[in-house]
Amino acid sequence: MGQIDLEVRNLKKYFGSVCAVNDVSLQICNGEFFSILGPSGCGKTTLLRIIAGLLPPDKGSVYLRGRCIDSVPAYRRDINTVFQNYALFPHMTVFDNIAFGLSVKKLQKKEIREKVLSAIDLVELEGLENRKPKQLSGGQQQRVALARALVNQPSVLLLDEPLGALDVKLRQLMQDELKKLQKKLRTTFIYVTHDQEEAISMSDRIAIMKDGRIEQVGTPIEIYSRPKTKFIAGFIGDANFFEGKPAFVNDSTICLRIDNQYAIKAFSRNQLDISTKVIIMVRPEKIRILPSFQTLDLKDNNEINIVNGQIEDVLYLGNMIEYIVRISSKTRVIVFEQNYSDQSIYKKGARIVAFWKAKDSVLLSE
Amino acid sequence: MKKKSRYADDFILVLMLGPALLWFVFFFLVPLAIIVFYSFCERGTYGGIVYRFTLRNYVEAFDALYLNAFVRSVRIAFLNTFLCLIIGYPVAYYISTKPPRIKNSLILLVIVPFWTNFLVRTYSWMIILRTEGLVNSLLLGLNILRNPLNLLFSEKAVVIGLVYGYLPFMILPIYASIEKVDFLLLDAAKDLGANSMQVFAKIMLPLTLPGIIAGSILVLIPSLGAFITPDLLGGAKNLMIGNVIKDQFLAARNWPFGSAIAIILMVIVVLLLKLYLGINKENE
Ligand SMILES: Nc1ncnc2c1ncn2[C@@H]1O[C@H](COP(=O)(O)OP(=O)(O)OP(=O)(O)O)[C@@H](O)[C@H]1O
Ligand SMILES: [Mg+2]
């Protein structure tokens with residue numbers, strides 16, 4: 001990846017006894033679309049405010065293009081923010097809102113006008129220049145906030161849940177537009193969201209945040225298919241978990257007994273201790289369902305986990321079918337299946353066989 | 367059908383506005399009409415009113431003596447408003463940055479003086495300002511001064527007394543408008559490159575302008591007609607127009623002349639208000 005644009009090292013911030021940001025270190029590359037994903041209250045906004053210079057950290061440093069900017073006040077940082085609820089200036093027109101950053105930098109009137117008009121063009125707000133923010137729809141306000149930040153051509157743009165207040169349809173539209181815009185401008189985006197689908201579909205890399213800490217940083221594929229912790233696996237997408245002490249361990253394989261009925265295999269890169277508790281995670285769409293063993297081709301059964309079960313519930317989702325399958329008295333699994341044909345949907349109570357590849361069993365730490 | 371319901375709406379409107387309307391007519395319009403009427407009457411020999419039309423009261427009001435009082439009143443009232451504004455704004459801002467519980471106690475402290483009679487409070491300023499008073503004793507005691515200051519019975523004393531009396535009327539509306547400002551907007555301005563001065567001038571000031579206007583009007587108008595403070599703290603030499611009116615009605619028993627001056631004061635107030643609101647409209 002390219003050169004590092006923004007780096008934070010060991011940031012810490014307390015509000016009273018609450019640690020809102022706890023020892024956060026990140027490196028974000030030039031032109032990257034970097035998302036920070038986490039549940040409400042995990043410290044995302046606080047982290048962005050520290051980076052923007054609006055909040056002094058209790059510990060740690062922020063570097064912009066290799067230079068420490070801890071002592072640079074917010075108004076001199078080459079970083080702009082799209083705020084969580086836009087924070088548009090209510091007494092100014094759309095034009096003046098967008099022109100604000102340029103006019104406080106005392107640019108020529110003509111230059112300001114040109115830049116603002118091209119920013120208005122960029123976010124497709126033509127004809128609304130003279131409206132006040134109150135006279136705009138949520139989506140239009142969002143665009144103004146975006147244009148107001150982008151017109152300054154910052155090295156890094158911080159976006160704090162910019163689409164959080166929009167309805168689903170508009171959000172999807174804006175996601176596409178934002179992504180296109182970012183590709184076009186090659187500005188480094190740090191994008192905060194608590195919407196996992198949004199993070200996965202838009203980002204080059206994602207940092208998962210929980211209780212002020214960064215739990216994992218990686219590409220969407222890494223985060224989705226190789227989550228490090230149970231929290232991440234559950235937060236990003238749906239997941240089935242199997243927990244317990246392993247019955248068998250060797251260099252590469254681990255076997256977990258569940259409910260004294262099945263042995264579930266997973267591959268592990270590092271040597272595990274037989275006495276430590278493990279968690280195995282399987283994504284619902286990785287599990288397949290067949291009517292019986294006979295239909296299953298068992299030529300490489302070493303690589304496959306098989307369980308018997310009974311369909312307990314069927315949820316028709318249109319393009320997908322969600323099955324709740326009881327595989328023992330204590331355990332149920334969720335299975336997603338593509339809706340190949342409406343006739344082949346299993347009925348409630350049907351006895352079936354569920355299986356998945358051992359390499360799709362992901363070993364997690366607590 | 368539509369017309370009928372509109373009449374019904376109008377009827378309800380009249381019912382609801384009725385009491386306020388009556389109050390306005392009987393306690394504002396009627397007294398005002400009486401004063402206007404008196405101002406065109408002649409004065410009786412023993413202080414009564416002779417119902418004969420004359421313009422003499424208005425001509426007399428432009429005598430240098432009274433003109434000076436008008437000019438001085440306008441000057442003092444503006445000075446008072448300005449001082450209240452530059453003292454009151456930071457106080458209001460300071461209060462609004464505090465946590466809610468402290469905020470409420472501070473606002474209470476601003477209001478507390480109203481629980482004591484204004485006259486009593488003005489007398490206490492006489493004690494503070496006189497030659498052997500608190501200010502002079504302190505300054506002399508600390509060897510800052512050799513000779514006591516002549517504070518009492520001067521224009522300074524009047525202004526101090528007025529600022530003291532009217533400051534809450536400035537602080538409260540400004541506080542209310544600052545409370546309405548989303549402080550995130552200040553962060554947004556900083557983030558976009560505005561320094562503290564620019565944040566104040568471009569965001570805070572315009573957004574709190576309604577409070578500034580309200581506070582200024584609430585201070586300016588009553589201080590134009592003030593008479594207790596200049597009476598007690600200004601001595602006889604610092605007559606404001608309020609004192610003239612009071613003296614005409616009470617001491618000189620010249621009601622028609624007092625009425626004429628009161629009407630002129632009202633016209634000045636209305637003109638100033640128009641000017642003031644006009645300027646602020648342009649700024650919007
Ligand atoms: N000014 C403040 N004073 C005290 N506590 C604060 C302050 N700002 C944030 N917090 C606390 O710090 C924690 C992190 O808050 P933050 O706003 O960063 O969360 P967030 O991840 O942005 O949440 P959301 O997704 O809801 O916006 C929360 O527990 C919050 O209550
Ligand atoms: Mg937030």
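If you're matching them up, the sequences are chains A and B in order.
With the working numbering, letter number 139 in the first sequence gets 139, and the count goes up by one each step, no holes.
All you need for the working numbering is the position in the second sequence, starting with 1, plus 366.
C-beta: ideal position from N, C-alpha, C; glycine also.
Check, Outcome
"Closer than 7 Å: residue 161 of chain A CB and nearest ligand 2 heavy atom", "yes"
"Cβ of residue 178 of chain A within 8 Å of any chain B Cβ", "no"
"Cβ neighbour criterion (16 or more within 10 Å) applied to residue 40 of chain A", "exposed"
"Residue from A:248, A:20 and A:346 whose Cα sits closest to the Cα of residue 278 of chain A", "A:248"
"N-terminal and C-terminal residue of the alpha helix (DSSP H) that residue 98 of chain A is part of", "94-104"
"Pairwise C-alpha distance: residue 422 of chain B and residue 568 of chain B", "51 Å"
"First and last residue of the uninterrupted alpha helix (DSSP H) at residue 198 of chain A", "196-202"
"Beta-carbon gap between residue 99 of chain A and residue 116 of chain A smaller than 8 Å", "yes"
"Spatial distance of residue 357 of chain A from residue 94 of chain A (CA atoms)", "55 Å"
"Rounded separation between residue 352 of chain A and residue 331 of chain A - CA only", "15 Å"
"Distance cut-off 7 Å: residue 44 of chain A Cβ against heavy atoms of ligand 2", "yes"
"Selection from A:16, A:280, A:131 and A:258 that minimises the alpha carbon distance to residue 231 of chain A", "A:280"
"Residue from B:630, B:576, B:579 and B:559 with nearest C-alpha to residue 107 of chain A", "B:559"
"Spatially closest choice to residue 369 of chain A from A:337, A:102 and A:119, by CA coordinates", "Here chain A has residues from 1 to 366 only, and residue 369 of chain A is not among them."
"Where residue 250 of chain A sits in the DSSP three-state scheme", "coil"
"CB of residue 282 of chain A within 8 Å of CB of residue 240 of chain A, strictly", "yes"
"Chain A within 8 Å of residue 429 of chain B, Cβ atoms only", "no"
"DSSP-derived helix/strand/coil call for residue 374 of chain B", "helix"
"Beta carbon proximity, residue 148 of chain A to chain B, threshold 8 Å", "yes"
"Residue 22 of chain A - DSSP class collapsed to helix/strand/coil", "strand"
"Unbroken alpha helix (DSSP H) run spanning residue 421 of chain B, endpoints", "Neither: residue 421 of chain B is in no alpha helix (DSSP H) and is coded neither H nor E."
"Where residue 389 of chain B falls, given that 16 or more other Cβ within 10 Å makes a residue buried", "exposed"
"Close Cβ partners of residue 634 of chain B (< 8 Å) along its chain, the five nearest in sequence each way excluded", "436, 440 and 590"
"Residue 368 of chain A: contacting residues in chain B (beta-carbon distance under 7 Å)", "Residue 368 of chain A falls outside the range modelled here, since chain A spans only 1 to 366, and no answer is possible."
"Outcome for residue 256 of chain A when other beta-carbon atoms lying within 10 angstroms are tallied against a minimum of 16", "buried"
"Straight-line gap, residue 632 of chain B to residue 639 of chain B (C-alpha atoms, nearest Å)", "11 Å"
"Sequence-distant residues of its chain with Cβ nearer than 7 Å to residue 67 of chain A (five each side left out)", "none"
"Any non-hydrogen atom of ligand 2 within 7 Å of residue 564 of chain B CB", "no"
"Rounded C-alpha distance that separates residue 419 of chain B from residue 595 of chain B", "35 Å"
"C-beta contact flag for residue 58 of chain A and residue 110 of chain A at 8 Å", "no"
"Residue 367 of chain B versus residue 199 of chain A: straight-line alpha-carbon distance, rounded", "At residue 367 of chain B, the pLDDT of 47 sits below 50, so the modelled position is not reliable; the number obtained from the coordinates is stated separately. The alpha-carbon atoms of residue 367 of chain B and residue 199 of chain A are separated by roughly 57 Å."
"C-beta neighbour in chain B for residue 188 of chain A, strict 8 Å", "no"
"Limits of the unbroken beta strand (DSSP E) element including residue 237 of chain A", "Looking at the DSSP string, residue 237 of chain A is not in any beta strand (DSSP E), and its letter there is neither H nor E."
"Distance, residue 406 of chain B Cα to residue 424 of chain B Cα", "8 Å"
"C-alpha gap between residue 72 of chain A and residue 360 of chain A, whole angstroms", "48 Å"
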